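Working notes for the structure below.
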Amino acid sequence: MTEVLLLGRRATREIVRYPEATIPTLFIPLFFLVVNIGQVSKTFPSSTPFLKGQGYVAFQLPVSLMFAVATATSGLALVTEIDLGYFDKLLVAPIRRSSLIFGRLTADLVRGIAASGLVLLVGIALGARVQSGVAGAVLIVLLSALFGVAYAGFGILVALRTRNVQATQSSFLLFFPLLFLTPNFVPFDRLSPLMEALARINPISYVIVGLRSLVIDGWDLGKIGVCLLVTIALGAVLITASLRVIATYDRN
Amino acid sequence: MTMTFDTHRVEQPSALASGSESAIVARKLRRTFKGGIEAVRDIDLAVSTGEVFGFLGPNGAGKTTTVRMLCTLLPPTAGTAMVAGLDVVREAAQVRRRIGVALQEIGLDPVQTGRELLELQCGLYGITGRLATTRADELLELVGLTDAAERRTKTYSGGMKRRLDLASALVHAPDVLFLDEPTTGLDPASRLTIWDEVRRINAGGATVFLTTQYMEEADKLCDRVAIIDNGQIVADGTPEQLKAEMGRDVVSVSLDGADPAATEAALGGLPGLERVAAEPGALALYVEDGASSIPEIVRRLDRDRILVGAISVARPSLDDVFLKATGRRLEGQQRSSQELEEVSR
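Quick mapping for you: the protein sequence lines, in order, are chains A and B. Residue 413 is where the first sequence starts when you use my numbering, and the numbers rise one by one after that. Residue 787 is where the second sequence starts when you use my numbering, and the numbers rise one by one after that.
The following block contains the structure:
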């Protein structure tokens, strides 16, 4: 545990000292939030039934939260470490290899809390009201950060598998189709039949729906529970795969 | 001590191999990479506790692959290796507690300061709190980086990075220290500094396994050396033994435009001549007594009207040992030696 904390502290320090790596990842979700609201706020006024009296910003906010936390930052940091040779130095230390991944994920959790907290505040400043209250807002931040941790497993997996900076950087692009094949602009029942079918089999949809419910509906435990389960399942799959790769790294 | 100059491996490790005092013992160690590339071919190694052991060879000879296997970073395809009395495959975790490693690629995190990096490294070896701070201070002092301790390592020069990397390999006072080409790419002054530090570390009791492509580095630092070429050990022994077994002085005849074949023919049958090796722009004559051969060499060249440049005599160097063992010289040796001479002056 100590080694995870030590490595986590180092990775967090890296985020703080390299703001140029984090700022662009925050710019995109905030940009989308502002632009999307500007484009469709007249189309979806607060009288629109699915907005339940709120502005469109409340509906879009969860999408921006996910954009803010789903990054390849950890994967990129890891692949850079491999390139520089520092990763070998860590591998030869008498620590569990899994610590190298959990240390990175610790930093992802910290980064995710900070990033989602900031985006949530911007959303509130733009008029969104969190119907589930302060506790709901805290849960939104935690769930978002947890999703960021789960998604970071993918970047780490690509970094360990490819050991290639470009490939790891490109891995983030895979998130775009996943995020757009969801009820990100309108609810499920407003999508075309094909899009609805695709959105319903996309696990990311249920994370968005869960977060959105906390903003618009209040405490819908069913939707929140599914959101949490999907996030945990996604994390379990991606992080387990990463752990398997690091366990056999250069062992064959 | 055994010494073979054919291109096959040394079949038996030296007598030190079987002793209980061995810090490193490898038997028939082999590593084959994907595509059938045989980086290391059934090598035997034995390094005694407290030794500075030099592992010499050109780029691609198999030095780094060997080090990575001994450091538990890479499993052998075949064979066994024991480090500090522990099997590098079956007891890898215990081996890692007993070794320090500074790999060829300097393993530093550019975002951390020198002190942070050392304190983290201490933490990974179970040294925390005040002990870690004290240990980091000691090591920064040891490698002369106290003044740069609070700077991020990305601002360090190549020599400073190498020294910090070395310090980070020492946080837990390892029994065996692996240094993979610790001076490659460094300026001559930094190289001399690293040599001093290696001597100091060894004087403190650590066994040092050092790979290098610099002959004079092996000559100056190492108690024993092994020469690896194309994945096989082609010679091993103390530098003095290896040079003594050459048994010959080396007379170097700079051709300065003279025909190599005609020059070699003129000098053929020279009394005491063992063999002639052609080098770029020169011939190396391995003779029994270099000084007394000079008049006869001059007489013969004069007789055949061959004009050559300088003629010089030298005792065999490890580079000559390498030449004899592999049929070629290590690249960059001459330049490296000249640079060091300039710095020494």
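Every residue gets a Cβ at the ideal spot worked out from N, C-alpha and C, and that includes glycine. As the structure is a computational prediction, the values presented were derived from the model and not from experiment.
CA-CA distance, L503(A) and L606(A)?
-> Approximately 47 Å between the Cα atoms of the pair.
Hey, is Y942(B)'s beta-carbon within less than 8 Å of any beta-carbon in chain A?
-> Chain A has no Cβ within less than 8 Å of the Cβ of Y942(B).
Provide the residue(s) that pair with F819(B) in DSSP beta bridges, ordered along the chain.
-> I823(B).
Closer than 7 Å by beta-carbon distance: list the chain A residues that pair up with R883(B), in chain order.
-> For R883(B), the chain A residues whose C-beta falls within less than 7 Å of its own C-beta are P506, listed in chain order.
Close Cβ partners of F441(A) (< 6 Å) along its chain, the five nearest in sequence each way excluded = In the sequence as presented, Phe is not what sits at residue 441(A); that position holds Pro. Hits under 6 Å: S476, F479, A480, V531.
Write down every uninterrupted run of the alpha helix (DSSP H) in the segment 621-663 of chain A whose length is 4 residues or greater and which is fully enclosed by it, in chain order.
-> For the segment 621-663 of chain A, whole alpha helix (DSSP H) runs of length 4 or above, ordered along the chain, are 633-659.
A959(B) to P861(B) span [Cα, whole Å] = Roughly 25 Å between the two C-alpha positions.
Is it a yes or a no for the segment 505-522 of chain A touching the segment 916-931 of chain B, going by three-plus beta-carbon pairs under 8 Å?
-> The answer is no - the segment 916-931 of chain B does not touch the segment 505-522 of chain A, with fewer than three Cβ pairs under 8 Å.
Going along chain B, which residues have a C-beta under 9 Å from D500(A)?
-> Near D500(A) (Cβ distances below 9 Å), the residues of chain B are R854, C857, L859, V887, L889, E891, G893.
In chain order, what residues of the same chain lie with their CB nearer than 7 Å to the CB of N614(A), ignoring the 5 residues before and after it?
-> If we look at N614(A) and ignore the five residues flanking it on each side, its Cβ neighbours are L590, L593, T594.
Whole angstroms is fine: what's the gap from V887(B)'s alpha carbon to E877(B)'s?
-> Going by the C-alpha atoms only, they are around 17 Å apart.
Can G900(B) and A934(B) be called in contact, C-beta distance under 8 Å?
-> Cβ distance < 8 Å, so G900(B) and A934(B) count as in contact.
Would you verify that the beta carbon of L906(B) is, or is not, closer than 8 Å to some beta carbon of chain A?
-> Judged by the 8 Å Cβ criterion, L906(B) is in contact with chain A.
Which residues in the same chain as R817(B) place their Cβ atom closer than 7 Å to its Cβ, once the five residues preceding and following it in sequence are excluded?
-> Residues of the same chain with a CB within less than 7 Å of the CB of R817(B), apart from the 5 flanking positions on each side, are A825, V826, T851, M855, L860, P862, T863 in chain order.
Can you check whether the CB of M868(B) is closer than 8 Å to the CB of V957(B)?
-> No, the Cβ-Cβ distance between V957(B) and M868(B) is not below 8 Å.
Beta-carbon spacing of V1039(B), S1079(B) below 8 Å | Taking a C-beta distance under 8 Å as the contact criterion, V1039(B) and S1079(B) do not qualify as a contact pair.
Quick one, which of L650(A), N596(A), L633(A) has its alpha-carbon nearest I616(A)'s?
-> Relative to the Cα of I616(A), the nearest Cα in the group L650(A), N596(A), L633(A) belongs to N596(A).
Would you say D662(A) reaches chain B, if we count a Cβ-Cβ gap shorter than 8 Å as a contact?
-> Yes, contact with chain B.
Verify whether the separation of the beta carbon atoms of V734(B) and V984(B) is less than 8 Å.
-> The shown model of chain B, from 787 to 1131, leaves out residue 734(B), and the question about it has no answer.
Mind listing, in chain order, the continuous alpha helix (DSSP H) runs of no fewer than 4 residues lying wholly within the segment 916-998 of chain B?
-> Fully contained in the segment 916-998 of chain B are the following alpha helix (DSSP H) runs of length 4 or more, in chain order: 944-954, 974-989.
Any idea if D520(A) is buried or exposed, counting beta-carbon neighbours within 10 angstroms, 16 or more meaning buried?
-> Within a 10 Å sphere around the beta-carbon of D520(A) sit 16 or more other beta-carbons, which makes this residue buried.
Could one say the Cβ of V874(B) lies closer than 8 Å to chain A's Cβ atoms, at least one of them?
-> False, the Cβ-Cβ gap to chain A never drops below 8 Å.
CB contact below 8 Å: F791(B) versus chain A | Here the model assigns F791(B) a pLDDT of 33, short of 50, so the residue's position is not dependable, and the following value carries that caveat. With 8 Å as the cut-off, F791(B) does not count as an interface residue toward chain A.
So the beta strand (DSSP E) A864(B) belongs to, where does it begin and stop?
-> From DSSP, the beta strand (DSSP E) with A864(B) extends over 864-869.
Leaving aside the five residues before and after R1115(B) along the sequence, list all residues of the same chain whose C-beta is less than 8 Å from its C-beta, in chain order.
-> Closer than 8 Å at the Cβ level, and outside the excluded window around R1115(B), lie E1065, D1105, F1108, L1109.
Report all residues from its chain with a CB closer than 8 Å to the CB of L1041(B); omit the five preceding and five following residues, and keep chain order.
-> So the list reads T1049, G1067, A1068, L1069, V1094, G1095, once near-sequence residues are dropped.
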